[in-house]
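Protein chains in written order, with the working numbering: chain U, 125 to 527; chain L, 49 to 297. Beta carbons: idealized from backbone N, C-alpha and C, even for Gly. A short worksheet on the structure shown next.
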Ligand code: SF4
Ligand code: SF4
């Protein structure tokens with residue numbers, strides 16, 4: 125049997141066109157950041173009630189998708205699923221790229237991004253945020269080591285396995301950390317729940333897998349490489365399972381909230397009377413991001429339905445963005461209960477549903493994060509040997525170079 | 049006899065250190081020094097040993113149409129509320145209506161100067177900090193504007209500065225892109241005024257709905273008042289140990 129070989133992407137107009145397109149989006153994001161920096165956040169839709177807006181939605185989506193993308197590689201190395209092995213390198217690069225895209229958005233949306241260096245040496249170790257900074261930088265390091273073991277000829281498989289395991293554990297901790305950012309906001313009814321971290325892990329499996337499938341489809345579409353049927357079918361089925369798992373946590377979260385008297389008002393708001401957030405929940409998150417993808421992915425003879433699989437992955441991403449929007453923005457829109465038992469009013473929006481209308485600037489920044497992730501992945505594929513070159517449905521089970 | 053002498057000695061050396069300021073004080077009194085970076089002139093009176101500064105607000109004496117405390121705070125610190133959702137509000141008047149009885153009430157809400165401040169716990173840089181005397185502050189020089197503290201505060205006490213600030217007060221540094229909140233007029237306390245702008249204004253109206261003082265000093269008006277009459281803290285279920293207490297809510 126022929127061995128799997130990896131080769132850099134060839135310089136074709138399609139490849140360059142794609143990279144330039146990504147770069148254009150990144151540049152647009154850069155311009156909007158400069159504009160926000162010059163005028164202050166007053167030019168965005170954010171205010172003193174909705175302090176984290178659309179940029180955070182994209183940033184958090186990308187960060188949780190990053191750890192999920194790494195999962196694609198873990199399935200091969202840690203859990204020994206052969207068809208996944210040839211794409212492990214790409215999954216690693218994608219994971220780091222998604223994380224970088226997300227972090228870039230997060231950092232550029234700070235009030236004082238210029239002071240980031242400050243955050244490096246005035247550390248507050250009780251802050252889960254500060255811990256996350258360590259987890260994120262560590263993630264990049266761990267994945268880099270893992271990638272090195274994958275790409276080095278004659279690497280001792282035990283090292284590979286150890287690195288893969290470390291990366292797998294790290295990513296679980298990382299997503300737990302991301303979920304905890306919300307789980308620790310005790311005073312906010314929508315967030316105060318221990319279910320947040322495991323729900324974020326389930327979401328990360330699903331978002332990361334979907335992002336990987338989209339990138340893989342795109343790559344094979346603009347090059348003459350092959351997304352093997354076996355891998356596509358396996359990933360499609362697994363994505364269906366991940367979507368179901370994420371839905372399970374969503375249902376469990378809402379059901380358990382309904383039992384708590386102090387949360388039932390929030391539940392009836394978000395599920396029934398929450399306007400845009402209710403719509404995003406039912407139409408965006410549940411229907412587009414959950415039910416339709418599951419119907420698409422669990423249909424019989426999926427191997428013949430490439431378009432359906434691709435569409436499902438795209439819907440998972442869109443539904444995922446809606447879900448994160450409902451969590452981040454919807455959670456802040458719901459008023460804090462400072463005076464239980466009282467109706468309240470004030471000049472500072474006490475007791476009312478807070479409003480937020482995202483601006484184009486914030487959207488540009490968010491898209492810039494996705495574009496940056498794709499640009500980094502694209503450059504990785506262009507200059508590193510991470511995408512299999514001779515993969516066909518026949519060679520998919522060929523031995524790996526490192527074996 | 050030995051113990052009081054020692055205490056007095058410690059007191060004197062602390063005063064000396066504070067007068068000299070600078071690096072030596074950094075070692076001895078880290079919180080006080082950070083305070084000086086805010087522009088306040090720390091004095092030994094302000095950093096009263098063992099103090100826990102607090103406010104007691106009597107909602108029963110606070111008329112709904114009065115906002116003298118809000119105006120005074122705005123003037124003292126230079127923030128302005130022009131009615132935009134992005135405008136800062138360090139203190140606001142909240143009107144309450146008890147759902148069960150329909151009874152109406154009005155009171156000011158500002159940073160509650162939590163003993164266990166969630167804003168300080170979550171702040172990645174340590175810009176949010178609590179002084180030894182219980183005052184919670186944002187060090188505007190190291191705040192990166194992540195707004196996590198605003199997510200964590202149970203009382204919406206904090207505001208984000210979303211545009212260039214004009215008309216700054218020398219005693220209250222502010223800055224675009226950073227978070228701010230009631231600092232219990234730390235500059236006034238540290239220069240020995242013994243009160244805050246809001247309390248002064250409230251007393252000037254004759255309503256006398258607010259008392260400022262050291263909750264730890266049994267001789268202070270505030271300590272006497274809370275030990276005599278019932279008072280409560282907001283969201284006491286969260287167990288944050290607030291420095292601001294309310295009566296007749
Ligand atoms: S009231 Fe809010 S801002 Fe003030 S100390 Fe408590 S958590 Fe911090
Ligand atoms: S906005 Fe500033 S004070 Fe608040 S948590 Fe972030 S760095 Fe700390």
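Nearest-angstrom Cα separation, counted from residue j out to residue i
i	j	result
residue 315 of chain U	residue 383 of chain U	15 Å
residue 164 of chain U	residue 292 of chain U	40 Å
residue 475 of chain U	residue 156 of chain L	15 Å
residue 156 of chain U	residue 335 of chain U	25 Å
residue 276 of chain L	residue 138 of chain L	29 Å
residue 202 of chain L	residue 274 of chain L	23 Å
residue 213 of chain U	residue 195 of chain U	12 Å
residue 114 of chain L	residue 209 of chain L	26 Å
residue 435 of chain U	residue 361 of chain U	14 Å
residue 482 of chain U	residue 179 of chain U	9 Å
residue 298 of chain L	residue 284 of chain L	Here chain L comprises residues numbered 49 to 297, so residue 298 of chain L is not present and cannot be evaluated.
residue 265 of chain U	residue 216 of chain L	44 Å
residue 279 of chain L	residue 389 of chain U	28 Å
residue 160 of chain U	residue 117 of chain L	33 Å
residue 220 of chain L	residue 256 of chain L	26 Å
residue 249 of chain L	residue 158 of chain L	15 Å
Coarse secondary structure for residue i, derived from DSSP in three states
i	result
residue 358 of chain U	helix
residue 169 of chain U	coil
residue 102 of chain L	strand
residue 294 of chain L	strand
residue 245 of chain L	helix
residue 185 of chain U	helix
residue 547 of chain U	Any property of residue 547 of chain U remains undetermined from this structure, which presents chain U solely from 125 to 527.
residue 365 of chain U	helix
residue 319 of chain U	coil
residue 177 of chain L	strand
residue 466 of chain U	strand
residue 147 of chain L	coil
residue 444 of chain U	helix
residue 137 of chain U	helix
residue 129 of chain U	coil
residue 220 of chain L	strand
residue 199 of chain U	helix
Residue i beta carbon near ligand 2 (any heavy atom closer than 7 Å)
i	result
residue 191 of chain L	yes
residue 207 of chain L	no
residue 173 of chain L	yes
residue 226 of chain L	yes
residue 304 of chain U	no
residue 310 of chain U	no
residue 196 of chain U	no
residue 250 of chain L	no
residue 195 of chain L	yes
residue 231 of chain U	no
Same chain only: Cβ atoms within 6 Å of residue i, ignoring 5 sequence neighbours per side
i	result
residue 221 of chain U	497, 500, 501
residue 93 of chain L	The predicted position of residue 93 of chain L is uncertain, since its pLDDT is 48 and thus under 50; no value can be drawn from it.
residue 121 of chain L	138, 139, 245, 246
residue 274 of chain U	212, 213
Contact test: residue i Cβ vs ligand 1 heavy atom, cutoff 7 Å
i	result
residue 160 of chain L	yes
residue 203 of chain L	yes
residue 156 of chain L	no
residue 165 of chain L	yes
residue 450 of chain U	no
residue 200 of chain L	yes
residue 175 of chain U	no
residue 229 of chain L	yes
residue 184 of chain L	yes
Sequence-distant residues of its chain with Cβ nearer than 7 Å to residue i (five each side left out)
i	result
residue 108 of chain L	295, 296
residue 449 of chain U	181, 404
residue 285 of chain U	201
residue 401 of chain U	394, 450, 454, 457
Same chain only: Cβ atoms within 8 Å of residue i, ignoring 5 sequence neighbours per side
i	result
residue 260 of chain U	187, 223, 227, 298
residue 174 of chain U	453, 456, 457, 478, 479, 480
residue 143 of chain L	112, 152, 153, 154
residue 338 of chain U	434, 437, 438, 441
residue 169 of chain U	177, 178, 480, 481, 482, 483, 486
residue 367 of chain U	330, 413, 414, 417, 418, 421, 440
residue 318 of chain U	307
Within chain C, partners of residue i - CB distance below 8 Å
i	result
residue 252 of chain U	Absent from the structure is chain C; the protein chains it does hold are U and L.
Length-filtered (4 minimum) alpha helix (DSSP H) runs lying within the stretch 229-294 of chain U: 240-245, 252-275
Every unbroken alpha helix (DSSP H) within the stretch 227-273 of chain L, with a cutoff of 4 residues, ordered by chain: 234-238, 245-253
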